[in-house]
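Engineer: What follows is a structure written as structure tokens; I'll ask about it next.
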Amino acid sequence: MHPEEEETLAQSLTAIVDIGPNGVRFSISSLAPYHARIMPCLYKDKIMAVLFQYVIASDTAEHRDLSIPAETISDVVRSMVRFKLTCEDFGVDTDKNVKVVASEMSTYTPNAPDFFRRITEITGWPVEVISRHDEGMMYAFGAASSITRNKGLLLDLSGGSLRLGWISIDHKTGPVAVSPTPLVLPYGSATLTKTLNEACALGNEIAARTALYREIQDTFRDCTEHIQLPQELFQANEGFELFTCGGGFRALGHLLLAEDKDNHPISTVINGYEVPFTDVQNMVDYLLLKKTVPHPDRAIFKLSDRRRAQLPAVGFLLSVLFECLPPIKTVHFSECGMREGMLYKSLPLELLSQDPLITATNPYRPLLVDKYLKLLEKALPVEVIPDEILHSLAPALCNILFVHCSYPKEVQPTAALHIGTSGILLGCHGLSHRQKGLIGIACCERWGGDISTNEQVFYEKLSRMILKSGEEPEMELMIYWSKYIGRLMFVLCGIYPGGNIRHGAIHFDVQPYKSKRPGDAPTDPQSTAREEDDILGVDKLNQLALYDLPDNSKRHYKICVKIRKNDIQISSATVKTRLIELQKYMRLLNKESKAMHKCKIEVKYASEKA
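full-length UniProt numbering applies: residue 1 is where the sequence shown begins, and numbers increase by one.
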């Protein structure tokens, strides 16, 4: 590696040490421009250490010694020295690109200054104490990093406090906007758990819970005015999106995943999890009434005993809060924190505006990917296709068209189906579960969609997950067009398997199509004309393909696939088979799908001059 390359690599790596109340988190991330939007983490570690105990201390805390024990300080300092060596191994510029931050909670710890001074003496890194306001802003930016172009309410529930604000993300018009006056209250999951347990131990549980319920209710009664919720957010939402972060919500999210009746297909990653508000409300009601989690003896992934014990208090708090908030339609879960917020806030607008799905798939793009995308777009009725499909999924699919080309034929659609759930895109930051499901479905169809019975069950789980992530009519459209573009690329990659598109073999004509009732005369007399030397059986296929689309479709289209009759790239048996299967597939899809806008496929021979 040349010295210039080493310097560039070192400058793109950023190390962050986050000193929190319950431990110290170490990370090394890359901010190289080509993948900075998804903020890949190259190294991550955490040491558990109770540093700032006052968070859950009782009202007699002033009589306790809250100093950090000397043994704990020594353990943390040793870990800092080890991390510095790790940074050097990775090539991090340890003089410029390491940030050490500590929570404002540390100011209540008598020997915190000595603790931080010792860290600086040993490592050379100064410790920056982040104010509570700035810490909340970092968590807001962290949540923003995991979503794209959206706006709504933001809730951060930690062990010691609850923070309510709003967030507006539209990188096309400007940077992320967050509430300038978030509401911060001492209703953290650990704090409430301790309060409720003490009331129960004193024998006045009902009276104490009622009084606390009313106290929280009074506090949140005018919460939307306090956080200065913009009027346009009210006008733009029939129901708000609720974005959540913090340990309390992560615990609730993992509980919801474990209790999902459809066996949610992405159960290991909470970041990007989306669930209808009604599902959250039902679980909150259960926790409030039962004062325990469902199936208390069952182990739940990533749910510790400490977090499990706090969930009834989380249910108690949210049951009050949901009464005071505007209507909510979808809840989004995020595991982002200080690291993600600091990195995301440091990015320039041109990187923030990148689509995470496209950024994540760019490393796999073919050399001439733009030609594939341009040809695909010619076969799309762009006016009815959701933006998420047209501007995000379609380009991303073209990027990964040939990722699985070296796999055995019978494995390709299966591996492609799992690309977002256990494949190369599972851990990519900024992707929602819905995006991972859609790219899996589209990529599976790109390889023909021939999967085993067990994988078909998983395919259906992905579809149900997507349907639950938003309004059903819109989600039906997304699933429909994801399947269509995937299956269409199966045809195009059969014609052009080598990463290059030669002009002339195939053309597309997209036309609005009006359904005909049985007995109607054909509108185009030539549509039934037979071709001589019909090598594809085009006319016979089109008679089968000219079916009526359902009456509930608002707009539907005829996609005319024009091929050169004697073109050597079309004459392949593989290509002919894929064209036939495309028509049959779309016929079946139109019968089964509830999407409002659909299309049919018609194959024609193009003139030699086309």
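Every residue, glycine too, gets a C-beta built ideally from N, C-alpha and C.
Opposite Tyr-557 in the DSSP bridges: which residues?
Structural biologist: Here the question's residue 557 lines up with position 557 in the sequence shown. According to DSSP, Tyr-557 bridges with Pro-512, Cys-599.
Engineer: Per DSSP, Lys-46 is paired with what?
Structural biologist: Mapped onto the sequence shown, residue 46 falls at position 46. DSSP, once it has assigned bridges, lists Arg-25 as partnering Lys-46.
Engineer: In the structure shown, what three-state DSSP assignment does residue 613 receive?
Structural biologist: This structure cannot settle anything about residue 613, because the visible part of the chain is limited to 1 through 610.
Engineer: Output needed for Thr-219: all residues of its chain with C-beta closer than 7 Å, excluding positions within five of it in sequence on either side, in chain order.
Structural biologist: Residue numbering aside, residue 219 sits at position 219 when the sequence shown is read from its first letter. The residues are Leu-185.
Engineer: Please specify which runs of the beta strand (DSSP E), each continuous and at least 3 residues long, are wholly inside the segment 302-376, giving them in chain order.
Structural biologist: Runs of the beta strand (DSSP E) inside the segment 302-376: 328-333.
Engineer: CB Tyr-459 to CB Gln-511, shorter than 8 Å?
Structural biologist: Position 459 of the sequence shown, counting from 1, holds the residue named residue 459. Position 511 of the sequence shown, counting from 1, holds the residue named residue 511. Not closer than 8 Å, so no.
Engineer: Using DSSP with H/G/I as helix, E/B as strand and the rest coil, what is His-503?
Structural biologist: In the sequence shown, residue 503 corresponds to position 503, counting from 1. In the structure shown, His-503 sits in coil (DSSP, three-state: anything other than H, G, I, E or B).
Engineer: How long is the line joining the alpha carbons of Phe-322 and Ile-206, rounded to whole angstroms?
Structural biologist: Here residue 322 refers to the residue found at position 322 of the sequence shown. Here residue 206 refers to the residue found at position 206 of the sequence shown. Distance between the alpha carbons of Phe-322 and Ile-206 is about 21 Å.
Engineer: Name, in chain order, the residues that DSSP records as bridge partners for Ser-168.
Structural biologist: Working through the sequence shown from its first residue, we reach residue 168 at position 168. Beta-bridge pairing links Ser-168 to Lys-151, Ala-177.
Engineer: Are Pro-175 and Ile-227 close, meaning C-beta to C-beta below 8 Å?
Structural biologist: For the purposes of this step, residue 175 is taken as residue 175 along the sequence shown, with counting starting at 1. For the purposes of this step, residue 227 is taken as residue 227 along the sequence shown, with counting starting at 1. For Pro-175 and Ile-227, no; Cβs fall outside 8 Å.
Engineer: Write down every uninterrupted run of the alpha helix (DSSP H) in the segment 79-141 whose length is 4 residues or greater and which is fully enclosed by it, in chain order.
Structural biologist: Complete alpha helix (DSSP H) runs here, min 4: 112-123.
Engineer: Does the contact criterion of 3 or more C-beta pairs under 8 Å hold for the segment 350-366 versus the segment 322-333?
Structural biologist: At 8 Å Cβ cutoff, the stretches do not touch.
Engineer: Closest by CA to Leu-242, which one among Ser-482, Asp-45, Gly-152?
Structural biologist: Translated into positions along the sequence shown, residue 242 becomes position 242. The candidate whose alpha carbon is nearest that of Leu-242 is Gly-152.
Engineer: Ends of the beta strand (DSSP E) at Phe-240?
Structural biologist: Against the sequence shown, residue 240 aligns to sequence position 240. It spans 240-245 - the beta strand (DSSP E) in which Phe-240 sits, taken as one unbroken run.
Engineer: Counting Cβ pairs, one atom from each stretch, are 3 or more of them under 8 Å apart for the segment 424-442 and the segment 263-277?
Structural biologist: Judged by Cβ distances under 8 Å, the segment 424-442 makes contact with the segment 263-277, as three or more pairs qualify.
Engineer: Got a sec, what are the start and stop residues for the beta strand (DSSP E) Tyr-273 sits in?
Structural biologist: Reading the sequence shown from its first residue, position 273 is the one you call residue 273. 273-276 is the extent of the beta strand (DSSP E) around Tyr-273.
Engineer: With the cut-off set at 8 Å, would you say Ala-595 and Glu-476 are in Cβ contact?
Structural biologist: Looking up residue 595 in the sequence shown gives position 595. Looking up residue 476 in the sequence shown gives position 476. In contact: Ala-595 and Glu-476 (Cβ atoms closer than 8 Å).
Engineer: Examine the Cβ distances between the segment 301-312 and the segment 87-102 and report whether three or more of them are shorter than 8 Å.
Structural biologist: No: the two stretches stay apart, fewer than three of their Cβ pairs being nearer than 8 Å.
Engineer: Within the same chain, show all residues whose beta-carbon is closer than 7 Å to that of Pro-40, passing over the 5 residues directly before and after it, in chain order.
Structural biologist: Residue numbering aside, residue 40 sits at position 40 when the sequence shown is read from its first letter. Here the set comprises Ser-29, Ser-30.
Engineer: Count the other C-beta atoms from every protein chain shown that fall within 10 angstroms of the C-beta of Gly-253, then say buried if there are 16 or more, exposed otherwise.
Structural biologist: For the purposes of this step, residue 253 is taken as residue 253 along the sequence shown, with counting starting at 1. It counts as buried.
Engineer: How should Ala-201 be labelled, buried or exposed, when 16 other C-beta atoms within 10 angstroms of its C-beta is the threshold for buried?
Structural biologist: The count along the sequence shown starts at 1 and reaches residue 201 at position 201. Label assigned to Ala-201: exposed.
Engineer: To which residues of the same chain is Val-101 closer than 8 Å at the C-beta, ignoring the five residues directly before and after it?
Structural biologist: The residue labelled residue 101 in the question sits at position 101 within the sequence shown. Hits under 8 Å: Ile-16, Val-17, Asp-18, Ile-19, Val-127, Glu-128, Val-129, Ile-130, Met-338, Met-342.
Engineer: Using the beta-carbon count (16 or more within 10 Å), is residue 627 buried or exposed?
Structural biologist: In this structure the chain extends from 1 to 610, so residue 627 is not present and cannot be described.
Engineer: I'd like to know if the segment 405-420 and the segment 501-511 are in contact, where contact means that at least 3 CB-CB pairs between them fall below 8 Å.
Structural biologist: The segment 405-420 is not in contact with the segment 501-511.
Engineer: Short of 6 Å in beta carbon distance, which residues of its chain neighbour Lys-46, apart from the five on each side in sequence? Order them along the chain.
Structural biologist: Working through the sequence shown from its first residue, we reach residue 46 at position 46. Correct list, in chain order: Gly-23, Arg-25.
Engineer: Which of the three DSSP states, helix, strand or coil, is assigned to Ala-70?
Structural biologist: In the sequence shown, counting from the first residue as 1, residue 70 sits at position 70. Ala-70: helix per DSSP, three-state reduction.
Engineer: Check Lys-468 in the structure and name its three-state DSSP category.
Structural biologist: As a first step, residue 468 must be located in the sequence shown, where it is residue number 468. Helix at Lys-468.
Engineer: Return the bridge partner residues of Thr-14 from the DSSP annotation.
Structural biologist: For the purposes of this step, residue 14 is taken as residue 14 along the sequence shown, with counting starting at 1. According to DSSP, which records beta bridges pairwise, Thr-14 is partnered with Ser-29.
Engineer: Going by other Cβ atoms of all chains shown within 10 Å of its Cβ, with 16 needed for buried, is Ile-122 buried or exposed?
Structural biologist: Translated into the one-based positions of the sequence shown, residue 122 becomes position 122. The residue is exposed, with fewer than 16 neighbouring Cβ atoms inside 10 Å.
Engineer: On the DSSP bridge assignment, give the partners of Cys-41 in chain order.
Structural biologist: Along the sequence shown, one-based indexing puts residue 41 at 41. The partner list for Cys-41 (beta bridge, DSSP) reads Ser-29.
Engineer: Considering only residues of the same chain and omitting the five flanking positions on each side of Ala-144, which have a CB-CB separation below 7 Å?
Structural biologist: In the sequence shown, residue 144 corresponds to position 144, counting from 1. Closer than 7 Å at Cβ, skipping near neighbours: Ile-167, Ile-169, Val-176, Tyr-344.
Engineer: With DSSP run on the structure shown, which of helix, strand or coil describes Arg-298?
Structural biologist: Within the sequence shown, residue 298 is the residue found at index 298, counting from 1. DSSP places Arg-298 in coil when its eight states are reduced to three.
Engineer: To which residues of the same chain is Leu-288 closer than 7 Å at the C-beta, ignoring the five residues directly before and after it?
Structural biologist: Here residue 288 corresponds to residue number 288 of the sequence shown, with the count starting at 1. The answer, listed in chain order, is Gly-315, Phe-316, Ser-319.
Engineer: Tell me the DSSP secondary structure of Ala-379 in three-state form.
Structural biologist: Here residue 379 refers to the residue found at position 379 of the sequence shown. The answer is coil: DSSP assigns Ala-379 none of H, G, I, E or B.
Engineer: Give the secondary structure of Ile-19 by DSSP, where H, G and I count as helix, E and B as strand, and everything else as coil.
Structural biologist: Position 19 of the sequence shown holds residue 19. Reduced to three states, the DSSP call for Ile-19 is strand.
Engineer: Label Met-465 either buried or exposed according to how many other C-beta atoms from any shown protein chain fall within 10 Å of its C-beta, with 16 as the threshold for buried.
Structural biologist: Taking the first residue of the sequence shown as 1, we reach residue 465 at position 465. By the neighbour-count rule (16 or more Cβ atoms within 10 Å), Met-465 is buried.
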